[in-house]
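Protein chains in written order, with our numbering: chain S, 67 to 270; chain D, 67 to 270.
Report on the following structure.
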């Protein structure tokens, strides 16, 4: 057992050590760093997470994190509301937004189906996606989940759920990534990239 | 520039990313973890660091972190107040306390002399150590600084400052560490460990 010179210090270190990937030594280092900052800076740090947790909302349409009932993307009339891109989490939305290649809307599942982790379809926002497609004027659903067994399982599950609606369902392209070296690309990816080859285009 | 779906989220991520060794991606991961916890748990997290920064004290004698004006060690009559162990920081005190081999008191310098980092003697708690030795009934000062050039420089500086007081000044033993393999031990350490060999003792 560690001997802490201060209970306040001990409590702060314990709180940091609860975070994923942060051990006691790292927690101590972070807390001692904060101790060297201005009181105002530490209050800003602590209050930023408290306020986030207390005040943040989840968009009633796409379930993305939002400061308002409807997120900026769902509320934006200049986005194409006839296209829904289905992703696992918030980081995926941010990554796709950063590409500036997509002008439609999103639907955040909150994960993928993973029996090993005890995550079934009812733990995800799949039913609300089906309802969105049923109610709204949706022309296409783009599945942008991880290219893993769990992602593929979830893709298939959603595909079947949406089948009766008659909506167009697409999947993001899989193939060799930009700057990948072919000799180090796995066989499945390389094989598929040949089967699913596209016509050469000078603007590619 | 990242597109954040929420300003509250962005602010919390920015605050975490200010911590040493925490990049934006890790900050995002930590913040999203907190977002999944109870409001009460997140309030406990945030308030623990705010309270620490607002309320923590530094011991008026040894400068260790403390919940009171005088730390638990300096206030403990069963500790040997005639011995002062000089260390760089709070973690060093905790490490030595964990050995349960030391019953004296401490003096936390707050670092070592390092011209490269712009840290001179006046940035450290050296003058207060000299005064402690001058005023109190101190029999021995143990220098327990890092075995580096900066640590050695600081040792020498303190040694000269304490010379006129006539107090006994010692340095913690240097040599091969427990379970070190000799063939991988650096030459300086190995050479010194032979020169400074001690008589064999069955209780070692």
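We treat Cβ as the ideally placed atom computed from N, Cα and C, and that holds for glycine.
Could you tell me the boundaries of the alpha helix (DSSP H) in which residue i lies?
i	result
residue 99(S)	90-101
Are the C-beta of residue i and some C-beta of chain D separated by less than 8 Å?
i	result
residue 150(S)	no
residue 138(S)	yes
residue 163(S)	yes
residue 187(S)	no
residue 74(S)	yes
residue 142(S)	no
residue 157(S)	yes
residue 94(S)	yes
residue 211(S)	no
residue 253(S)	no
residue 105(S)	yes
residue 108(S)	yes
Return the residue from the list the options that minimises the CA-CA distance to residue i.
i	options	result
residue 157(D)	262(D), 72(D), 211(D) and 247(D)	211(D)
residue 105(S)	175(D), 113(D) and 200(D)	113(D)
residue 137(D)	125(D), 143(D) and 148(D)	125(D)
residue 243(S)	229(S), 233(S) and 259(S)	259(S)
residue 202(D)	231(D), 178(D), 101(D) and 265(D)	231(D)
residue 93(S)	82(D), 94(D), 101(D) and 208(D)	82(D)
residue 86(D)	228(S), 249(S), 95(S) and 74(S)	95(S)
residue 239(D)	193(D), 248(D) and 255(D)	255(D)
residue 199(S)	148(S), 163(S), 190(S) and 159(S)	148(S)
residue 173(D)	162(D), 167(D) and 166(D)	162(D)
residue 176(S)	186(S), 192(S) and 155(S)	155(S)
residue 221(D)	250(D), 265(D) and 190(D)	190(D)
residue 152(D)	249(D), 204(D), 264(D) and 247(D)	204(D)
residue 108(S)	78(D), 101(D), 195(D) and 253(D)	78(D)
residue 233(D)	207(D), 245(D) and 146(D)	207(D)
residue 264(S)	115(S), 241(S) and 252(S)	241(S)
residue 197(S)	88(S), 128(S), 101(S) and 89(S)	128(S)
residue 144(D)	88(D), 135(D), 250(D) and 168(D)	168(D)
residue 98(D)	116(D), 70(D) and 115(D)	70(D)
residue 178(S)	248(S), 223(S), 170(S) and 135(S)	223(S)
residue 131(S)	110(D), 101(D) and 132(D)	101(D)
residue 298(D)	236(D), 227(D), 150(D) and 247(D)	The structure shown does not extend to residue 298(D), since chain D spans only 67 to 270, so no value can be given for it.
residue 170(S)	141(S), 187(S) and 186(S)	141(S)
residue 160(D)	90(S), 268(S), 250(S) and 251(S)	90(S)
Following the continuous beta strand (DSSP E) through residue i, name the residue where it begins and the one where it ends.
i	result
residue 209(S)	206-209
Are any of the Cβ atoms in chain S nearer than 8 Å to that of residue i?
i	result
residue 183(D)	no
residue 78(D)	yes
residue 101(D)	yes
residue 69(D)	yes
residue 127(D)	no
residue 112(D)	yes
residue 133(D)	yes
residue 115(D)	yes
residue 160(D)	yes
residue 119(D)	yes
residue 224(D)	no
residue 154(D)	no
residue 122(D)	yes
residue 81(D)	yes
residue 85(D)	yes
residue 175(D)	no
residue 98(D)	yes
residue 272(D)	Nothing can be reported for residue 272(D), as the shown portion of chain D is limited to 67 through 270.
residue 130(D)	yes
residue 197(D)	no
Can you find a CB in chain C that lies within less than 8 Å of the CB of residue i?
i	result
residue 262(D)	Structure shown: chain C not included; protein chains present are S and D.
Please determine whether the Cβ atom of residue i lies at a distance below 7 Å from any heavy atom of the ligand SAH.
i	result
residue 105(D)	Only the bare structure without any ligand can be found here, which leaves the ligand SAH out of the picture.
| Pairing CB atoms from the stretch 176-190 of chain S with CB atoms from the stretch 213-232 of chain S, are three or more of them under 8 Å? | They touch, by the three-pair rule.
| Which parts of the stretch 83-171 of chain S are runs of the beta strand (DSSP E), unbroken and 3 residues or longer, counting only runs that do not cross its ends? | The qualifying runs are 146-153.
| query | Considering only residues of the stretch 192-256 of chain D, which uninterrupted alpha helix (DSSP H) runs meet the minimum length of 4 residues and lie entirely inside it, listed in chain order? | reply | Secondary structure within the stretch 192-256 of chain D: the alpha helix (DSSP H) runs of 4 or more consecutive residues, fully enclosed, are 193-201 and 215-229 (chain order).
| request: May I ask you to verify whether the stretch 109-123 of chain S touches the stretch 70-82 of chain D, counting CB pairs closer than 8 Å and requiring at least 3? | output: The way I'd put it, the stretch 109-123 of chain S does touch the stretch 70-82 of chain D; three or more beta-carbon pairs between them come closer than 8 Å.
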